Structure formats: structure tokens, C-alpha cells
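Right, one structure below, let's go through it.
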Ligand code: HEC
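Residue numbers (the working numbering): 3 to 151.
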């Protein structure tokens, strides 16, 4: 019985979270803290400031700040940068040239990277995960995005 129970626990741990269960607070925030915070945390400039002098901040390994639900979702469905998160994190499966986005490598090493990408995809919604420029996203694309808090 013990073996069976342990097997079950391990299986449950290995199963990806159900799509509707993925939330910012429970799943995305911890990954963000591990993988993104050092460059997009509270010491990073806000978007406006970053855009004023991007080269300067890039040289210092700082991207625009994304340290809250609102400031992260700005790069998912916000009017100015919608789709940026998908463009940057895609593994190349959805990009025109087959190259991964330049933040993909920050998702972790090998299996962890895959699992974290999967988590972000489930958070956005599997059928909402498209790689498009902000201006190419239409109302339908935007309405599919879940990105629950
Ligand atoms: C080593 C530092 C570093 C890490 C770690 C990092 N980033 Fe970045 N990120 C940057 C820099 C610098 C830029 C701005 C330069 C650029 O656009 O490539 C950027 C840009 C971005 C953009 C585009 C912002 C825009 O203006 O459209 C997104 C989205 C993004 N990062 C998401 C993430 C996510 C999500 C993670 C964690 C999985 C992450 N980044 C990890 C440094 C980092």
C-alpha cells in the first residue's frame, strides 16, 4: 500500500496544473521570483523610464520592471506591449524563423525550462498563446487571454 500511495503522490506532483487552475499568485509569481526578478524586479526601472534609455539599462542587465500582477500583464495584454511576453518566452515553436524568444533561456535549465514555459502557456491559455506583434493582435486574440491573478 505504501508503494502505491507514494506512486500516486509522485504522479500527482508530476501532472501539470489544470489550465483553469493556473494563477499569477499561486504559480507564476514563484517562477517569476526565481527566474525573472533579478532583472525585472523592484530595482529595475518602470517601462517609461526604461524606454527613455534602453541601452543603458540593458548594459546593466535591467529590463523594464514587472514586479506586480499589473506590471506583468501589461506585457501580456496591455495596449502598448500586448503579446510581448509570448514573443519573448516562446521556444521557437510559434515564431516565424523558428528561433526562440530572447527571454526563453531564462525560464530555467532543460526540463525545468520546458515545465515553466508550459506553466506560462497555461496561465495565458493554450489557444491564446500566439506570437504576434502588438498591432497584429485582434480583439479575438485578446479575449482568449486568461492570465488570472
Ligand atoms: C539577465 C537579466 C534578465 C532576466 C533573468 C530576464 N530578463 Fe527579460 N529582459 C531583460 C532585458 C535587459 C530586457 C530589455 C532588452 C530586450 O528587450 O531584450 C528584457 C525584456 C523583456 C521583455 C520585453 C519587454 C518589452 O519592452 O517589451 C519581456 C516580456 C521579458 N523581458 C520577460 C522576462 C521574463 C518573463 C523573464 C523570466 C522568465 C525574464 N524576462 C528574465 C533582462 C532579463
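Backbone N, C-alpha and C define an ideal beta-carbon position, used for all residues, glycine too. In this text the structure is predicted, and so the values were computed from the model without any measurement.
- Give me the Cα-Cα distance between residue 118 and residue 55, rounded to the nearest whole angstrom. 30 Å
- Query: Beta carbon of residue 133, beta carbon of residue 143: below 8 Å?
  - Reply: no
- Task: With a floor of 4 residues, list each alpha helix (DSSP H) that falls wholly inside the segment 105 to 151, ordered by position along the chain.
- Result: 112 to 126, 141 to 146
- Can you tell me which of 69, 31, 27 puts its alpha carbon nearest to the alpha carbon of residue 47? Among 69, 31, 27, the Cα nearest to that of residue 47 is on 69.
- Query: Quick one: Cα of residue 38 to Cα of residue 32, how far?
  - Reply: 10 Å
- Task: Give, in chain order, every unbroken run of the alpha helix (DSSP H) that is at least 4 residues long and sits entirely within the segment 37 to 118.
- Result: 39 to 42, 49 to 54, 56 to 61, 71 to 79, 86 to 91
- Message: Do residue 91 and residue 103 have their beta-carbon atoms positioned less than 8 Å apart in this structure?
- Response: yes
- For residue 88, does the count of other Cβ atoms within 10 angstroms reach 16, so buried, or fall short, so exposed? buried
- Message: Our contact map puts residue 84 next to residue 25 with C-beta atoms below 8 Å; I'd like the distance itself, whole angstroms only.
- Response: At roughly 20 Å, the Cβ-Cβ gap does not stay under 8 Å, so residue 84 and residue 25 are not in contact.
- Item | Residue closest to residue 44, alpha-carbon to alpha-carbon, out of 57, 150, 58, 74 | Residue 74 is the option with its Cα nearest to residue 44.
- Item | Check: residue 34 C-beta below 7 Å from any heavy atom of the ligand HEC | Checking the Cβ of residue 34 against the ligand HEC gives yes.
- Item | Rounded straight-line distance, which links the Cα of residue 6 to that of residue 34 | 34 Å
- Query: Can residue 114 be considered in contact with the ligand HEC, in the sense that its beta carbon sits closer than 7 Å to one or more heavy atoms?
  - Reply: Taking the Cβ of residue 114 as the reference point, every heavy atom of the ligand HEC lies at 7 Å or farther away.
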